[in-house]
Each structure stands twice: as structure tokens, then as C-alpha cells.
Amino acid sequence: MPTQSDTLRESAVFNLSGAVVMVVDDSPFSLTLTTGVLSGFGVRPAYTVSSGVQAQSLLAEKPIDLLLIDTDMPDIDGFELVRWLRRSGPNPNAFTPVIMTASHIRRGRVAEARDCGANFVVTKPFSAAMLLERILWVARDTRPFLEVGDYLGPDRRFVRPELYEGEERRADRLRNNMVEFA
Amino acid sequence: MTVITHVQRRSRLAEMVDRPGGVSVGVALAQAQANLGGLRDQACAIIADNIAVLLAEPAPGTIEALRLDLAYSASNQIIDAASPFAMDDLCTAAKGLCDLLDAAPRQGGFDWRIATVHAQAMKLLLSLPTDAAAPRAAIVENLAEVLKRKLPVQSQTAHQAVQPAA
Numbered sequence: 018m019p020t021q022s023d024t025l026r027e028s029a030v031f032n033l034s035g036a037v038v039m040v041v042d043d044s045p046f047s048l049t050l051t052t053g054v055l056s057g058f059g060v061r062p063a064y065t066v067s068s069g070v071q072a073q074s075l076l077a078e079k080p081i082d083l084l085l086i087d088t089d090m091p092d093i094d095g096f097e098l099v100r101w102l103r104r105s106g107p108n109p110n111a112f113t114p115v116i117m118t119a120s121h122i123r124r125g126r127v128a129e130a131r132d133c134g135a136n137f138v139v140t141k142p143f144s145a146a147m148l149l150e151r152i153l154w155v156a157r158d159t160r161p162f163l164e165v166g167d168y169l170g171p172d173r174r175f176v177r178p179e180l181y182e183g184e185e186r187r188a189d190r191l192r193n194n195m196v197e198f199a
Numbered sequence: 036m037t038v039i040t041h042v043q044r045r046s047r048l049a050e051m052v053d054r055p056g057g058v059s060v061g062v063a064l065a066q067a068q069a070n071l072g073g074l075r076d077q078a079c080a081i082i083a084d085n086i087a088v089l090l091a092e093p094a095p096g097t098i099e100a101l102r103l104d105l106a107y108s109a110s111n112q113i114i115d116a117a118s119p120f121a122m123d124d125l126c127t128a129a130k131g132l133c134d135l136l137d138a139a140p141r142q143g144g145f146d147w148r149i150a151t152v153h154a155q156a157m158k159l160l161l162s163l164p165t166d167a168a169a170p171r172a173a174i175v176e177n178l179a180e181v182l183k184r185k186l187p188v189q190s191q192t193a194h195q196a197v198q199p200a201a
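Sequence order for the protein chains is C and F. Numbering-wise (our numbering), the first sequence opens with residue 18 and increments by one. Numbering-wise (our numbering), the second sequence opens with residue 36 and increments by one.
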């Protein structure tokens with residue numbers, strides 16, 4: 018996986034011109050800001066949507082390549098929208114890369130942010146460079162989707178197994194130490 | 036616990052990102068900055084409006100929970116507007132206030148003087164020249180002290196970047 022310095026090398030070239038991007042944010046000014054930044058990256062957002070409900074109906078019909086969703090919205094908030102999306106299969110958008118943006122996450126909602134199924138949650142302030150880095154990162158994100166209990170989304174572990182030299186899993190170690198009763 | 040793994044095919048985004056054509060990172064970032072440049076004044080106006088909301092006296096009979104939510108929303112909008120323009124000290128001040136408001140008891144008892152202090156500090160940060168590093172740092176430091184005294188330690192980290200992990 019490319020590191021941040023690789024993906025953001027000034028001369029590195031990327032092509033997102035054909036990407037169908039949807040931006041969901043209830044703040045008109047934030048929508049303008051995000052659209053302006055994306056235009057700079059050569060992306061013209063196909064859908065700029067100000068409510069979760071509107072986003073849901075579009076996501077059920079239109080194929081989307083990348084979603085940028087604000088966490089804090091009045092009707093269906095960003096976490097709820099992503100949870101719904103991940104469970105909306107066979108809708109092909111169920112696996113669409115999602116970057117969530119947050120001004121501030123309330124203390125009681127941190128776990129929700131982690132468990133909603135987004136590929137990445139970024140809190141502000143973030144620069145245009147950081148947004149681009151995250152977009153390129155999720156574009157190359159190869160993590161499988163996991164369904165574990167209530168969670169459905171990209172594998173939340175960022176471990177790199179090739180760097181790990183110990184025993185494969187703690188579960189294996191436990192199994193080895195188990196006493197079998199005849 | 037049962038784990039179901041959905042092996043997904045490469046996304047369209049992954050396929051297109053390395054296609055011929057496109058734009059270099061340097062050019063993309065320069066274009067993005069140029070697009071944002073024209074919006075800076077509008078962002079400053081939004082920040083000023085929301086600081087005014089924070090400094091305004093509440094309407095008589097306003098329920099404490101509603102007042103907290105309104106102030107939280109105003110602080111949020113300050114972060115939204117300030118974020119793309121590298122006004123990091125303003126964002127820090129607004130985030131600190133969000134932390135305090137989030138931790139405040141909904142039934143009442145929040146010391147609203149803290150919100151006023153934050154709002155006045157943000158007003159000052161907005162008016163100071165960007166190169167006035169020392170006074171800007173002093174303001175942020177003082178607000179950090181307020182936060183340290185008024186907020187339990189675990190709440191101070193709640194706003195930090197959340198990255199889906201383990």
C-alpha cells in the first residue's frame with residue numbers, strides 16, 4: 018500500500034476525471050467548499066446532496082464511485098446513512114468507498130464512527146492535500162469487507178501481516194494450550 | 036463470533052485512478068487552493084456570524100438543552116468554515132468549546148461564561164493578522180488551560196481523528 022509521501026508526491030499523476038462522486042452535507046457552504054476542492058482534483062461531483070434521505074434514494078438508483086458524507090445531519094445522520102448503505106445489498110453501492118467528514122464527534126458517538134462501516138472518518142481541520150491523500154488511499158484500499166456481529170464494512174484492522182513474525186493468531190495459541198477431555 | 040468475509044472485486048475508483056491522463060498532485064492541489072481562495076471572505080463572514088450567535092443573549096425561557104445544541108451547532112459551523120483555510124487555531128478553539136458543550140449536563144448547570152470566553156477568543160483570533168504567531172499561540176494556550184480545568188481527561192480526546200481500527 019502506498020505511503021502518504023508516495024501518494025502525494027507532487028509529480029505523481031492520478032485520474033479521477035470519470036469518477037461519479039456524491040457529496041452529502043447539510044451545510045450549503047461546506048458543499049461549495051468540498052465541490053471546489055474536488056474540481057481542483059479534476060472531479061466534478063455528479064451529486065451534491067443536502068440530506069440523508071435524498072442521498073438514500075439516489076444511492077438506491079444510481080451507481081456511485083465515491084461518497085463523501087458529513088457525519089452531522091438533521092434527518093438521517095452520516096453514520097446511519099453509511100450503516101444503511103452497507104446493508105443495502107444487492108445494491109452495488111453497498112461496497113462503494115466512503116469517506117466521512119466530521120467537524121467534531123460527540124463523545125457518545127465515537128464508537129458509532131468506528132463501527133458504521135466507512136472506509137475512513139476524517140475530522141476537521143483537514144487540508145485539500147489531506148483530502149486528496151484520503152481519496153487516493155481509499156481508491157487503493159484492498160481490505161476485504163467483513164460481517165462481524167452488527168458490523169458490516171471494510172476490515173477495521175490496519176495490520177500488515179507481512180511485517181508480523183510472531184504466531185499467526187492468539188486463537189491458535191489458545192487452541193494449542195487447550196486440554197482435551199476425552 | 037462468526038465472521039463473514041466478502042471478497043470484493045476492485046472498485047471502479049481503483050480501476051480509474053491509474054488510467055492514462057489525469058492530473059498531477061501538484062497541479063491538483065494548486066487548482067484546489069485557487070478554487071478555495073475565492074471563498075475565504077465568505078468563510079470569514081460565516082465564522083463572524085456564528086461567533087455572534089455564541090455571544091448573543093439567549094431568548095428568555097430557552098431550554099438549556101436547546102441552548103447547548105445551538106451553541107454546539109454554531110461551534111461546528113465555525114470549524115466547517117475555518118477548516119479549509121488553515122485557520123487551525125480557530126478550529127482548535129471551536130473544538131474545545133464543542134468538547135465542553137458536549138460534556139455539559141443537559142438539565143442545566145453549564146457555566147456559560149466559558150462559552151463567552153471562547154467566543155471572544157475566537158473573535159480575537161479572527162481579527163488578528165495571520166502572522167501574529169505569538170498572540171495567537173497565547174490565546175490557544177489559555178483556552179487549552181480552561182479546557183484542562185473544566186473537562187474530564189477522556190472527553191478532551193473525543194474529538195480527535197477517528198480511524199476505523201481493530
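Backbone N, C-alpha and C define an ideal beta-carbon position, used for all residues, glycine too.
Interface flag, residue i vs chain F, CB-CB below 8 Å
| i | result |
| --- | --- |
| Thr65/C | no |
| Asp94/C | no |
| Gly69/C | no |
| Arg124/C | yes |
| Pro19/C | Unreliable positioning characterises Pro19/C in this predicted model, as indicated by a pLDDT of 45, which lies under 50. A coordinate reading is not provided. |
| Asn32/C | yes |
| Ala77/C | no |
| Ser56/C | yes |
| Asp82/C | yes |
| Leu85/C | no |
| Leu102/C | no |
| Asp43/C | no |
| Ala72/C | no |
| Leu153/C | yes |
Where the beta strand (DSSP E) through residue i begins and ends
| i | result |
| --- | --- |
| Phe137/C | 137-140 |
| Phe162/C | 162-165 |
| Glu39/C | It is Met, not Glu, that sits at residue 39/C in the sequence shown. It spans 38-41 - the beta strand (DSSP E) in which Met39/C sits, taken as one unbroken run. |
| Leu117/C | Rather than Leu, the amino acid found at residue 117/C in this sequence is Met. Here the beta strand (DSSP E) through Met117/C covers 115-119. |
| Val66/C | 64-66 |
| Ile39/F | 38-41 |
| Ile86/C | 83-87 |
Nearest-angstrom beta carbon gap, residue j and residue i [assumed within contact, 8 Å]
| i | j | result |
| --- | --- | --- |
| Val165/C | Val38/F | 5 Å |
| Thr65/C | Leu48/C | 5 Å |
| Ala156/C | Pro107/C | Rounded, the Cβ-Cβ distance is 23 Å, inconsistent with contact. |
| Leu74/F | Gly53/C | 6 Å |
| Asp92/C | Gly69/C | 5 Å |
| Arg184/F | Asp124/F | The Cβ separation is near 20 Å, so there is no contact. |
| Leu83/C | Val38/C | 5 Å |
| Phe137/C | Ile116/C | 5 Å |
| Ile86/F | Lys158/F | 5 Å |
| Ser28/C | Pro45/C | That pair is no contact at about 35 Å. |
| Asp87/C | Asp43/C | 7 Å |
| Arg26/C | Val60/F | 6 Å |
Contact set between residue i and chain C, taken where Cβ atoms lie within less than 7 Å
| i | result |
| --- | --- |
| Thr40/F | Pro161, Leu163 |
| Met36/F | Val165, Gly166 |
| Cys79/F | Simply none; closest approach about 12 Å. |
| Asp123/F | Pro142 |
| Gln66/F | Gly57 |
| Asp166/F | Near Asp166/F there are no residues of chain C at all, since even the closest Cβ is about 19 Å away, more than 7 Å. |
Burial state of residue i (16 or more Cβ within 10 Å)
| i | result |
| --- | --- |
| Ser46/F | buried |
| Pro19/C | Because Pro19/C carries a pLDDT of 45, less than 50, the predicted location of this residue cannot be relied on, and the following value inherits that uncertainty. By the 10 Å Cβ count, Pro19/C comes out exposed. |
| Thr97/F | exposed |
| Arg174/C | exposed |
| Lys79/C | exposed |
| Arg123/C | buried |
Endpoints, the alpha helix (DSSP H) within which residue i is located
| i | result |
| --- | --- |
| Thr151/F | 147-162 |
| Gly56/F | Gly56/F -> no alpha helix (DSSP H), and no H or E assigned at all. |
| Leu25/C | Taken as a continuous stretch (DSSP letters only), Leu25/C belongs to no alpha helix (DSSP H), as it is neither H nor E. |
| Pro45/C | 45-57 |
| Leu210/F | No answer is possible for residue 210/F: the residues shown for chain F start at 36 and end at 201. |
| Asp92/C | Per DSSP, Asp92/C belongs to no alpha helix (DSSP H) and is neither H nor E. |
| Thr127/F | 123-138 |
| Asp76/F | 75-90 |
| Gly69/C | 69-76 |
| Leu33/C | Segment: none, Leu33/C is in no alpha helix (DSSP H) and carries neither H nor E. |
Residue i: contacting residues in chain F (beta-carbon distance under 9 Å)
| i | result |
| --- | --- |
| Pro114/C | Ser46, Leu48, Ala49 |
| Pro62/C | Those do not exist, as Pro62/C stays about 13 Å from chain F at its closest Cβ, beyond 9 Å. |
| Leu25/C | Val60, Leu64 |
Contact set between residue i and chain F, taken where Cβ atoms lie within less than 8 Å
| i | result |
| --- | --- |
| Arg157/C | Ala49, Val52 |
| Cys28/C | Here the sequence assigns Ser to residue 28/C, which means Cys is not the residue at that position. Correct list: Ser59, Val60, Gly61. |
| Leu149/C | Val60, Ala63, Leu64, Ala67 |
C-beta neighbour in chain C for residue i, strict 8 Å
| i | result |
| --- | --- |
| Gln43/F | yes |
| Asp84/F | no |
| Lys130/F | yes |
| Asp104/F | no |
| Gly143/F | no |
| Ala172/F | no |
| Ala154/F | no |
| Ala100/F | no |
Within chain C, partners of residue i - CB distance below 9 Å
| i | result |
| --- | --- |
| Leu74/F | Phe46, Thr49, Leu50, Gly53 |
| Ala117/F | Lys141, Pro142 |
| Leu71/F | Leu50, Gly53, Val54, Gly57, Ala145 |
Proximal chain A residues relative to residue i, where beta-carbon distance stays under 7 Å
| i | result |
| --- | --- |
| Ser120/C | Although the question refers to chain A, the structure presented lacks it and instead comprises the protein chains C and F. |
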